[in-house]
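Chemist: Submitted below is the structure of interest, expressed as structure tokens.
There are 2 protein chains.
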Amino acid sequence: MKNRRVLEPIMQESTPSLIAAQLRRNIADGALAPGTQLVEADIAGELGVSRGPVREAIQRLTQEGLLVSIRNRGVFVSEIDESDIRDIYEARTAVEKAAGGILAQRDHARAGAELLRFVERMDKASAAGDGSAISEADMAFHQKLVELAASPRLSRIHATLLTETRMCLNRLQGRFEDESARVAEHRGIAEAIRDGERDLLMDRLDAHKDDALVRLLSAHEGNKTTAS
Amino acid sequence: MKNRRVLEPIMQESTPSLIAAQLRRNIADGALAPGTQLVEADIAGELGVSRGPVREAIQRLTQEGLLVSIRNRGVFVSEIDESDIRDIYEARTAVEKAAGGILAQRDHARAGAELLRFVERMDKASAAGDGSAISEADMAFHQKLVELAASPRLSRIHATLLTETRMCLNRLQGRFEDESARVAEHRGIAEAIRDGERDLLMDRLDAHKDDALVRLLSAHEGNKTTAS
DNA sequence: TTCCGTATGATTGTTGACAGCGCGTTGGCA
DNA sequence: TGCCAACGCGCTGTCAACAATCATACGGAA
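In structure tokens, the structure reads:
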């Protein structure tokens, strides 16, 4: 049986996966604010399914750390405090350094070139002044970086951390001052990979983390009053 | 189902958690061999609970990567091939390097001293020729290393990777040749942390990974016939 | 003999209902 | 007025039953 064209993998996503994806998106982009309570029955009714699949989806997000569940009370969207922001970026950088290390010692050139294309996208978005497009390309850059390392576990871990990062970024809401610097950082990372400069890459990834933390934490300080 | 336990510490752990822990232990120590099918109804009957909690526990382990679920077919204990072993150790080392980096720049001395205690335990077990005790202390060392970094996310990720490591180690089953070298490696890592020698620590963690991979992959080669 | 269609059995996916726990509120009492 | 206890409500935890789906085995036709 020979198919000249790929007949579409026709893999229907399971119901809980679909629900989880939808909830995850809503949490990531801030539609569901931190602290919000999610009620299984309400969501089930809203989606037209039973509580079972909803429960399963919620359980999944709980394990990802996006929700916290209190027995016999309810599940709530996780609140993110300053130490969480640090933790997220620490963990994310750890994963990206590992991925970068793998890339630096095989496939430098191709991976670097691929990543530079994402930097171009960021650059265009920056020139157009489209803040959300910059963030989008930013996320895509980091995701691609890890994806290129072809490590299932690193990819899975990173995906989780990336949605948490999105939650962090919602606090900034477009008030970036130095977007050109942000683009330059990514270009530096991509170039270090392209050239196989392992040590330089590690330094730049660490610096990228530190810069992001400075930006986020100062902003967090400013938003403190609205956090209650 | 009624719980007739009287005056236990309080059964605050949820039922699915207990089931998941039990299954996880059985998978980690090889009681449930890779490829084994788990049937919800059977487990439920065996434990005297309904399929609901069992399903939730299975779903949790699936997300951890210990089980693979095929729709309408069943869930099976994950098979681990050579690339998985590499991936597990790559990811685990990434986490431990991050944790080590945090420790090296604050709390060197205390953390190093604490870890050296675990090295002592390994040493004693090695002297006694107790293979499983060595592995136990080995795991405990790595867990403690990450725990000391006080990063919730790194800890959670690491815990998952550690159970997968246990699955890998089941293939060796006590045929270690150079256990003294194994102990020495851990001592070297602990000392590098104690002294705040960041670069040295990173090198030693990488070396530890490479050594483990050599051991495991050669053993894996030998076990290939039993893998069908 | 080989291939296709069908029947059957097993297992997961989904549903609605019931029970238990904790919080908030209300009512009574000092 | 202030405090305590009992009550009710909302929600999750758990359960048993039903539906959907896939793998396998079997039987018949080319």
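So the protein lines, in turn, are chains A and B. Just so it is clear: in the first sequence, position 32 is 31 by numbering that gives the first Met the number 0, and no numbers are missing. Just so it is clear: in the second sequence, position 226 is 225 by numbering that gives the first Met the number 0, and no numbers are missing. For each residue, glycine too, the CB sits at the ideal point set by N, CA and C. In this text the structure is predicted, and so the values were computed from the model without any measurement.
Applying the 10 Å Cβ sphere with the 16-neighbour rule, what's the burial state of A127 (chain A)?
Modeler: exposed
Chemist: Run through DSSP, which three-state label would I69 (chain B) get?
Modeler: strand
Chemist: Spell out whether any CB of chain A is found under 8 Å from the CB atom of R59 (chain B).
Modeler: yes
Chemist: Hey, would you say R59 (chain B) sits closer than 8 Å to A32 (chain B), going by beta carbons?
Modeler: no
Chemist: Measuring CB to CB, does T164 (chain A) end up less than 8 Å from I87 (chain A)?
Modeler: yes
Chemist: Where DSSP assigns a beta bridge to Q36 (chain A), which residues make up the other side?
Modeler: DSSP output for Q36 (chain A) lists A:F75 as bridge partner(s).
Chemist: For L17 (chain B), which of helix, strand or coil comes out of DSSP?
Modeler: helix
Chemist: Could you give the residue range of the alpha helix (DSSP H) that holds Q11 (chain A)?
Modeler: First-last for Q11 (chain A): undefined, no H or E at that position.
Chemist: Since E95 (chain A) is in the alpha helix (DSSP H), which residue starts that stretch and which ends it?
Modeler: E81 to Q104
Chemist: Under 9 Å between beta-carbons, which chain B residues line up against V94 (chain A)? List them in chain order, please.
Modeler: At a beta-carbon threshold of 9 Å, the residues of chain B lying near V94 (chain A) are A90, A93, V94, A97 and I156, ordered along the chain.
Chemist: Run the CB neighbour count on E63 (chain B), radius 10 Å, all protein chains shown included, and call it buried at 16 or more, exposed below.
Modeler: buried
Chemist: Check each candidate in B:R193, B:A206 and B:L144 and name the one with the smallest Cα separation from R109 (chain B).
Modeler: Distance from the Cα of R109 (chain B) is smallest, within the candidate group B:R193, B:A206 and B:L144, for B:R193.
Chemist: Strictly below 8 Å CB to CB, what residues from chain B border R70 (chain A)?
Modeler: Q11 and S13
Chemist: Among the candidates A:A90, A:L37, A:R116 and A:R91, whose CA atom is the shortest distance from the CA of I69 (chain A)?
Modeler: A:L37
Chemist: Taking 8 Å as the CB-CB limit, is D86 (chain A) close to chain B?
Modeler: D86 (chain A) counts as touching chain B.
Chemist: Quick one: measure Cβ to Cβ for S150 (chain A) and A98 (chain A), integer angstroms, because I've assumed they're closer than 8 Å.
Modeler: 7 Å
Chemist: Pull up the distance between the alpha-carbon of F117 (chain A) and that of A30 (chain B), whole angstroms please.
Modeler: 47 Å
Chemist: Inspect the CB distances between the region 70-80 of chain A and the region 144-162 of chain A and report whether three or more fall short of 8 Å.
Modeler: Result no; under three Cβ-Cβ pairs closer than 8 Å.
Chemist: Can you name the residues of chain A whose CB is closer than 9 Å to the CB of E55 (chain B)?
Modeler: R54, E55 and Q58
Chemist: With a threshold of 8 Å on Cβ separation, who are the neighbours of N25 (chain A) within its own chain once the five nearest residues in sequence on each side are excluded?
Modeler: L31
Chemist: Which word fits D137 (chain A), buried or exposed, when buried means at least 16 other C-beta atoms lie within 10 angstroms of its C-beta?
Modeler: buried
Chemist: Check the Cβ-Cβ distances between L215 (chain A) and every residue of chain B, and say whether any is below 8 Å.
Modeler: no
Chemist: Out of B:M166, B:A139, B:D28 and B:V48, which has the shortest C-alpha to C-alpha gap to D83 (chain B)?
Modeler: B:M166
Chemist: Reducing DSSP to helix, strand and coil, say where S150 (chain A) ends up.
Modeler: coil
Chemist: Let me know the secondary structure DSSP gives R170 (chain B) once reduced to three states.
Modeler: coil
Chemist: For chain B, find out if any of its Cβ atoms is closer than 8 Å to the Cβ of P151 (chain A); answer yes or no.
Modeler: yes
Chemist: So, is D205 (chain A) buried or exposed, given that buried needs 16 or more other C-beta atoms within 10 angstroms?
Modeler: exposed
Chemist: Does the beta carbon of Q62 (chain A) come closer than 8 Å to any beta carbon on chain B?
Modeler: So, interface residue.
Chemist: Quick check: what's the CA-CA separation for V202 (chain A) versus L144 (chain A)?
Modeler: What sits at residue 202 (chain A) in the sequence shown is Asp, not Val. Computed Cα separation, rounded: 16 Å.
Chemist: So, for I188 (chain A): in the same chain, excluding its five sequence neighbours on each side, which residues have a beta-carbon less than 7 Å away from its beta-carbon?
Modeler: L200, R203, L204 and H207
Chemist: Once the 5 residues before and after K1 (chain A) are set aside, which same chain residues still bring their CB inside 7 Å of it?
Modeler: Its pLDDT being 39, under 50, K1 (chain A) is placed unreliably in this model, and the value from its coordinates should be taken loosely. There are no such residues.
Chemist: Would you identify the three-state DSSP class for E7 (chain B), choosing helix, strand or coil?
Modeler: Note that E7 (chain B) scores a pLDDT of 42, beneath 50, so its modelled location is shaky and nothing firm can be said.
Chemist: When you compare each of A:E178, A:D198, A:E196 and A:D129 to A211 (chain A) by their alpha carbons, which one comes out closest?
Modeler: A:E178
Chemist: Pull up the CB-CB distance for R50 (chain A) and E39 (chain A), whole angstroms please, since I reckon it's below 8 Å.
Modeler: For R50 (chain A) against E39 (chain A), the beta-carbon gap comes to about 5 Å, under 8 Å, which counts as contact.
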